[in-house]
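Okay, so the sequence shown: first residue is 6 according to our numbering, each after it adds one.
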Amino acid sequence: MDSWPDLAVPDLPGQAPETLIWDTASRGMARAAAGPVATLYACGITPYDATHIGHAATFVAWDLLVRAWRDAGHEVRYAQNVTDVDDPLLERAERDGENWRELADREIALFRSDMTALRVLPPQFYVGAVESLPLIERFSRALGRAGSLYDLDGDVYFARGTDPQFGAVSGLDTAAMIELSAERGGDPARPGKKDPLDPAVWLAARPGEPSWPSEFGPGRPGWHVECA
C-alpha cells in the first residue's frame, strides 16, 4: 500500500540531544532509541470515516519523534498499518449501502491528503491488513502452536492467561481493562470466553461480510491481530 508523498528534509549534523520519551511501563523517562537505527510502529486508521483533530494530534506527535531522531543522527525505520477490514468499516458500509472496499479506499485517500496537508513525514512501510493476510495467518498459526488459541463457536480467540506479561505495559488493573475493552471494540461480555479480555484472532465468515480462506476456516482477522 502506498503512503503519501515524502518531504524534502534538510541534512542535519546529527548533534541534537538524545531523545527521551515517557515509558508507560516503567513510569519514567527512557531512551527512545538504543542504537543507530530507531524503529517505530504506529497503529494507523480504520478507514470508515474522515479523520479528526485527535488523529492529527497522534500522527503529528509521531512525526515529531521521527524528526527528533533524525536530528540526533539516527536512521529511522517507521511502519504504520491500516486496519482496512474491521467491524466499524463493515457496519458503516452496510449502513450507507456502499461497497466496503470503496469506502476504505476513499477514506485512506482522504487520510493521505490530510497527512500531506499537515506536512507529516510518511512511514517507509505503510501496510494494510488485507494485503497482510498471509502474514497474519502465519502469526496466528504460531500462536496456535504455542497453545495460546481456543475455539468459540467457530471464532478463534487468544487466551490472555498464556501471556504472563499481558497488561504490564499499561499498568491498568483488570477492571479498568475490561471497561476500556467494552468501550473500544472488544467483546468482554461474550459468553463462553475463558477470560473477558481475550481478543478475537479470527472471526468465522458471517453473511454479508468479506471472508478469506484460512486453516481456521473461512473468515477474517480480528482487530488486535491486524495490529500485531
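Every residue gets a Cβ at the ideal spot worked out from N, C-alpha and C, and that includes glycine.
#1: Looking at Ala210: is its Cβ nearer than 7 Å to the Cβ of Gly224?
#2: Starting from Pro226, follow its DSSP beta bridges and name the residues at the other end.
#3: The beta strand (DSSP E) that contains Ala187, what's its start and end?
#4: I'd like the span of the beta strand (DSSP E) that includes Ala38, first residue to last.
#5: What residue range does the beta strand (DSSP E) around Trp74 cover?
#6: Should the stretch 132-140 be called in touch with the stretch 179-189, which here means at least 3 C-beta pairs below 8 Å?
#7: With DSSP as the reference, label Ile26 as helix, strand or coil.
#8: Report, in whole angstroms, the separation of the C-beta atoms of Glu231 and Asp91, which I expect to be a contact under 8 Å.
#9: Out of Ala30, Pro22, Phe221 and Gln20, which has the shortest C-alpha to C-alpha gap to Gly172?
#10: How many angstroms separate the CA atom of Thr51 from the CA atom of Asp101?
#11: When DSSP labels each residue in this structure, what does Ala47 get in the three-state scheme?
The answer reads as follows:
#1: Along the sequence shown, read from residue 1 onward, the residue named residue 210 stands at position 205. Along the sequence shown, read from residue 1 onward, the residue named residue 224 stands at position 219. Contact: yes.
#2: Here the question's residue 226 lines up with position 221 in the sequence shown. Answer by DSSP bridge pairing, in chain order: Trp207.
#3: Counting from 1 along the sequence shown, the entry for residue 187 is found at position 182. Boundaries for Ala187: no beta strand (DSSP E) harbours it, while the alpha helix (DSSP H) harbouring it runs Thr179 to Glu188, taken from the DSSP string.
#4: For the purposes of this step, residue 38 is identified with residue 33 of the sequence shown, where counting begins at 1. Segment: none, Ala38 is in no beta strand (DSSP E) and carries neither H nor E.
#5: Position 69 of the sequence shown, counted from the first residue, corresponds to residue 74. Bounds of any beta strand (DSSP E) do not take in Trp74; it lies within the alpha helix (DSSP H) bounded by Ile58 to Asp76.
#6: The stretch 132-140 vs the stretch 179-189: no contact.
#7: In the sequence shown, counting from the first residue as 1, residue 26 sits at position 21. In the structure shown, Ile26 sits in a strand (DSSP, three-state: E or B).
#8: By 1-based counting over the sequence shown, the position of residue 231 is 226. By 1-based counting over the sequence shown, the position of residue 91 is 86. That pair is a contact at about 7 Å.
#9: The count along the sequence shown starts at 1 and reaches residue 172 at position 167. Closest by alpha carbon: Ala30.
#10: Start at 1 with the first residue of the sequence shown, and residue 51 comes out as number 46. Start at 1 with the first residue of the sequence shown, and residue 101 comes out as number 96. Rounded to the nearest whole angstrom, the C-alpha separation of Thr51 and Asp101 is 17 Å.
#11: Mapped onto the sequence shown, residue 47 falls at position 42. DSSP, reduced to helix, strand and coil, places Ala47 within a strand of the structure shown.
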